[in-house]
Amino acid sequence: MSASKLKNIVPLLDRVLVQRIKAQEKTASGILIPEKAQEALNEGYVVATGKGALDKDGKHIPTQVDVGDKVLLPPYGGSSVKINSEEFLLFRDSEILAKVTDN
Amino acid sequence: MSASKLKNIVPLLDRVLVQRIKAQEKTASGILIPEKAQEALNEGYVVATGKGALDKDGKHIPTQVDVGDKVLLPPYGGSSVKINSEEFLLFRDSEILAKVTDN
Amino acid sequence: MSASKLKNIVPLLDRVLVQRIKAQEKTASGILIPEKAQEALNEGYVVATGKGALDKDGKHIPTQVDVGDKVLLPPYGGSSVKINSEEFLLFRDSEILAKVTDN
Amino acid sequence: MSASKLKNIVPLLDRVLVQRIKAQEKTASGILIPEKAQEALNEGYVVATGKGALDKDGKHIPTQVDVGDKVLLPPYGGSSVKINSEEFLLFRDSEILAKVTDN
Amino acid sequence: MSASKLKNIVPLLDRVLVQRIKAQEKTASGILIPEKAQEALNEGYVVATGKGALDKDGKHIPTQVDVGDKVLLPPYGGSSVKINSEEFLLFRDSEILAKVTDN
Amino acid sequence: MSASKLKNIVPLLDRVLVQRIKAQEKTASGILIPEKAQEALNEGYVVATGKGALDKDGKHIPTQVDVGDKVLLPPYGGSSVKINSEEFLLFRDSEILAKVTDN
Amino acid sequence: MSASKLKNIVPLLDRVLVQRIKAQEKTASGILIPEKAQEALNEGYVVATGKGALDKDGKHIPTQVDVGDKVLLPPYGGSSVKINSEEFLLFRDSEILAKVTDN
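Protein chains in written order, with my numbering: chain A, 1 to 103; chain U, 104 to 206; chain X, 207 to 309; chain V, 310 to 412; chain H, 413 to 515; chain S, 516 to 618; chain D, 619 to 721.
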């Protein structure tokens, strides 16, 4: 899915659109891992965020995560949506457990 | 259903009236898709909105979505209403997951 | 039921008394519709309203609907009450989904 | 039960003591209605009220109903109490659905 | 149980210690009532009260009932405690339904 | 367990660490009471307290109980923790029912 | 797992990342304890903390625990996450029962 396509999804309030990282289908040495043995990963990339929830003065509270962040996802929750036959998840910003940085 | 007819439905507070987009009944090449194989779509168009929920000073907080917006709907929730034998859904503004823009 | 009788019911706080519109018993051409085929209507008329819920300063917040309004009712909820062997429903003002205007 | 006896019950906070109106045991023409056919009435008389719930400054918010009011009761809820082997109900003031006036 | 003993129980916050009034074990004429026929009474005496719940400024809100008050108890709730093999009940002040005065 | 050891447990916020008083294993005259006949006691001693919950300005609200207090425990709730193979209970300060004073 | 690796996990808001202390696998004298007899420990080390929950002015409230703290964990709750095939737990700061200090 091209990044340009996802620009068209604008999550509302404090929602963030996340794409789950797919489990590895091959071992490091290239051997295919049968689907049942693939570990369900709880990591994903933020592909779009809302402007944030409203505070009592009607202003948006910025989200804790930004587009491009690698994040830890909670084991349950989130609304599954299908965009161009790819699966995405919408979470509340406050449901995202942690950011994962690579350096 | 003519647009003029729907002008007569005035959602209250932060409710928005949505018409779900119907699943495609034919493939791109014109072959009919049997009903069971049609994918349930979670997209719809906003056809009417309320003035918004009341804040603690009794003023209406404007809704996040407007008439004509294409939106992503949550997988459950919403009150189903029938107007002129067509099915519509009433959601709280804050339940709408995201806007979908086409450019 | 005469309107004068219903003047005697004074809903408290933000409650509104609604009379559900009965399903059509005949088709446009006058043929009787068997009871099972009659569609349960989710529309009603507001016959009485309370002064509104209390805000934190003890003042009544006016209801969103008024006596005479045609309204869309939620699919569940409301307290059923019988007045002179006619069925009425008491809803919270905020539970009423939408107003229906006829022009 | 004499009114003087009930003066001794002082509901606390926003509670109101209600005596349910008994269902008619005879038809207008004097024929006894068997107990099963007697309609359960959701009307009662307020026999005592508390001083009202406390607001955030510690002052009592007056109840919406007064002693002597004929009221519509919700279909469930309320604490049943027995005073001198007569049955009474204690409701929160805000649970009372409506007042019924007779003129 | 001597009153002096109960002085040693100091309920915390808005809790009140209540001793349920025992059901009559004899009729007015002195005949013993079998235990099963004894009516469970929902009345009791307040034997100790806390200083009250804390308001947002950290001050105690005085309880609605005082030591010595005869009160109506809710049909459920309360924590049962045993002091010197006698049964007592701890309720939140706001759970007590009503005071019963004897004059 | 030496008191010095328990100094090392620092409950967080409004939590209090309590050691339940063991049921008597002998009668006053020294006869052993079989374990099943021993009454489960709902009394304990506070062995450590947190600094208190945070108010809206971020300050700690002092707990109602202090180290050394003899207290009445609720019949359920509390987190059981094992320290040096002895059983302790962590309660929220507001869950403690009452203090028990001995004079 | 090297400490440097865990620097990459940044819990959001008031979440804290904890590694549970493993149960002893040998007795003091070196005899292996069979897995079933190993006691499940409710202690852990804080390996990362978020900046804290947001107060109503949008500022972070500092967490009660810090990286390196030895803590008592609640018997249930927490989200289990796997980082480099090691098990970690994410808790809300306010769910951590107590700190354990060793001096």
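Yeah, the Cβ is synthetic: ideal placement off N, Cα and C, and Gly gets one too. Small disclaimer: the values here were computed from a predicted structure and weren't measured.
1) For a contact meaning CB atoms closer than 8 Å, what does I473 (chain H) contact in chain V?
2) Using 8 Å for Cβ pairs, my map puts V81 (chain A) next to L200 (chain U). What's the rounded Cβ distance?
3) Quick one: any contact between the segment 278–287 of chain X and the segment 356–367 of chain V, if contact means 3 or more CB pairs under 8 Å?
4) Taking a cut of 8 Å between CB atoms, which residues from the segment 602–613 of chain S lie near chain H?
5) Helix, strand or coil: which one does DSSP assign to S300 (chain X)?
6) Please list, in chain order, all residues of the same chain as D505 (chain H) whose beta carbon is under 6 Å from its beta carbon, the five residues on each side excluded.
7) Which chain U residues are close to Q270 (chain X), counting only those with a beta carbon under 8 Å from its beta carbon?
8) Are I330 (chain V) and G359 (chain V) close, meaning C-beta to C-beta below 7 Å?
9) Taking C-beta to C-beta, are Q637 (chain D) and F709 (chain D) nearer than 7 Å?
10) Let's see if you can read the secondary structure: which residues bound the beta strand (DSSP E) around A460 (chain H)?
11) According to DSSP, is P11 (chain A) part of a helix, a strand, or is it coil?
12) Leaving aside the five residues before and after V319 (chain V) along the sequence, list all residues of the same chain whose C-beta is less than 8 Å from its C-beta, in chain order.
13) Check whether chain D comes within 7 Å of N599 (chain S), counting only Cβ atoms and requiring the distance to be less than that.
14) Quick check on the DSSP output: the beta strand (DSSP E) that includes L175 (chain U) runs from which residue to which?
15) Taking the DSSP output, what are the residues bridged to I495 (chain H)?
16) Going along chain U in order, which residues have a C-beta closer than 8 Å to the C-beta of S80 (chain A)?
17) Ordered along the chain, which non-local residues of its own chain (more than five positions away) have a Cβ less than 6 Å from that of K305 (chain X)?
18) In three-state DSSP terms, what is K614 (chain S)?
19) Is the separation between the beta-carbon of T410 (chain V) and that of N214 (chain X) shorter than 7 Å?
20) Please name the residue, chosen from S:L527, S:N599 and S:N557, that lies closest to A538 (chain S) on a Cα-to-Cα basis.
21) Taking the C-alpha atoms as reference points, what is the distance between V376 (chain V) and I370 (chain V)?
22) What in chain A is Cβ-close to V203 (chain U), meaning under 9 Å?
23) Of the residues A:E86, A:N84, A:S85 and A:L73, which one's Cα is nearest the Cα of V46 (chain A)?
24) Which residue or residues does DSSP assign as beta-bridge partners of Q534 (chain S)?
25) Chain D beta carbons: is any one of them nearer than 7 Å to that of S517 (chain S)?
26) Suppose you measure from the CA of L321 (chain V) to the CA of I701 (chain D); what does that come to, to the nearest Å?
27) For a contact defined as C-beta to C-beta under 9 Å, what are the partners of L444 (chain H) on chain V?
28) For a contact meaning CB atoms closer than 7 Å, what does L484 (chain H) contact in chain V?
29) Which value, in whole angstroms, describes the spacing of the CA atoms of E704 (chain D) and K471 (chain H)?
30) Rounded to whole angstroms, what is the Cα-Cα separation between M516 (chain S) and G545 (chain S)?
Per the coordinate set shown:
1) As a first step, residue 473 (chain H) must be located in the fifth sequence, where it is residue number 61. Around I473 (chain H), the beta-carbon contacts reaching into chain V at under 8 Å are L363 and G367.
2) As a first step, residue 81 (chain A) must be located in the first sequence, where it is residue number 81. As a first step, residue 200 (chain U) must be located in the second sequence, where it is residue number 97. Contact annotation, V81 (chain A) with L200 (chain U): C-beta distance approximately 7 Å; criterion of less than 8 Å satisfied.
3) Touching, no.
4) The residues in question are S609, I611, L612 and A613.
5) In the third sequence, the residue the question calls residue 300 (chain X) occupies position 94. Secondary structure at S300 (chain X): helix, using DSSP grouped into helix, strand and coil.
6) For the purposes of this step, residue 505 (chain H) is taken as the residue at position 93 of the fifth sequence. For D505 (chain H), where only same-chain residues beyond five positions count, the Cβ hits under 6 Å are D426, V428, T475 and Q476.
7) The sequence position of residue 270 (chain X) within the third sequence is 64, counting from 1. By Cβ distance, chain U contributes L115 and L116.
8) By one-based count along the fourth sequence, residue 330 (chain V) stands at place 21. By one-based count along the fourth sequence, residue 359 (chain V) stands at place 50. It is not a contact, given that the beta carbons lie outside the stated cut-off.
9) Mapped onto the seventh sequence, residue 637 (chain D) falls at position 19. Mapped onto the seventh sequence, residue 709 (chain D) falls at position 91. Result no, Cβ atoms of Q637 (chain D) and F709 (chain D) do not sit closer than 7 Å.
10) Residue mapping note: residue 460 (chain H) aligns to position 48 of the fifth sequence, counting from 1. Membership of A460 (chain H) in the beta strand (DSSP E) is indicated by the continuous run E455 to T461.
11) Here the question's residue 11 (chain A) lines up with position 11 in the first sequence. It is a strand residue.
12) Locating residue 319 (chain V) in the fourth sequence gives position 10, counting from the first residue. By the criterion of a C-beta distance shorter than 8 Å, V319 (chain V) is surrounded in its chain by A357 and G359, once the five residues flanking it on both sides are discounted.
13) Looking up residue 599 (chain S) in the sixth sequence gives position 84. No, its Cβ sits nowhere closer than 7 Å to a Cβ of chain D.
14) Taking the first residue of the second sequence as position 1, residue 175 (chain U) is located at position 72. Its beta strand (DSSP E) spans residues K173 to L175.
15) Here the question's residue 495 (chain H) lines up with position 83 in the fifth sequence. Beta-bridge pairing links I495 (chain H) to H:E498.
16) In the first sequence, the residue the question calls residue 80 (chain A) occupies position 80. Those are P178, listed as they occur along chain U.
17) Here the question's residue 305 (chain X) lines up with position 99 in the third sequence. Excluding residues up to 5 positions away in sequence, D275 and V277 lie with their Cβ nearer than 6 Å to the Cβ of K305 (chain X) in the same chain.
18) On the sixth sequence, residue 614 (chain S) is found 99 positions in, with the first residue counted as 1. Strand.
19) The sequence position of residue 410 (chain V) within the fourth sequence is 101, counting from 1. The sequence position of residue 214 (chain X) within the third sequence is 8, counting from 1. With a cutoff of 7 Å on beta-carbon distance, T410 (chain V) and N214 (chain X) are scored as near each other.
20) Locating residue 538 (chain S) in the sixth sequence gives position 23, where the first residue counts as 1. When each option's Cα is compared against that of A538 (chain S), the closest is S:N557.
21) Translated into positions along the fourth sequence, residue 376 (chain V) becomes position 67. Translated into positions along the fourth sequence, residue 370 (chain V) becomes position 61. So the two alpha carbons sit approximately 16 Å from each other.
22) For the purposes of this step, residue 203 (chain U) is taken as residue 100 along the second sequence, with counting starting at 1. Chain-order list of chain A residues neighbouring V203 (chain U): N8, I9, V10 and I83, by C-beta distance under 9 Å.
23) What you label residue 46 (chain A) is simply residue 46 of the first sequence in a count that begins at 1. With distances taken between Cα atoms, V46 (chain A) lies closest to A:L73.
24) Reading the sixth sequence from its first residue, position 19 is the one you call residue 534 (chain S). BP columns for Q534 (chain S) point to S:Y560.
25) As a first step, residue 517 (chain S) is located in the sixth sequence; it is residue number 2 there, counting from the start. For S517 (chain S), the predicted structure reports a pLDDT of 46, less than 50, and the residue's modelled location is therefore unreliable. The matter cannot be settled from this model.
26) Taking the first residue of the fourth sequence as 1, we reach residue 321 (chain V) at position 12. Taking the first residue of the seventh sequence as 1, we reach residue 701 (chain D) at position 83. When only Cα atoms are considered, L321 (chain V) and I701 (chain D) end up about 56 Å apart.
27) Position 32 of the fifth sequence holds residue 444 (chain H). Against chain V, the beta carbon of L444 (chain H) has no neighbour under 9 Å; the closest one sits roughly 20 Å away.
28) Counting from 1 along the fifth sequence, the entry for residue 484 (chain H) is found at position 72. In chain order: V390.
29) One-based indexing of the seventh sequence puts residue 704 (chain D) at position 86. One-based indexing of the fifth sequence puts residue 471 (chain H) at position 59. Roughly 48 Å separates the two Cα atoms.
30) Counting from 1 along the sixth sequence, the entry for residue 516 (chain S) is found at position 1. Counting from 1 along the sixth sequence, the entry for residue 545 (chain S) is found at position 30. With a pLDDT of 43 at M516 (chain S), under the threshold of 50, the modelled position of that residue is not reliable, and the figure given next carries that caveat. Straight-line Cα distance between these residues: approximately 25 Å.
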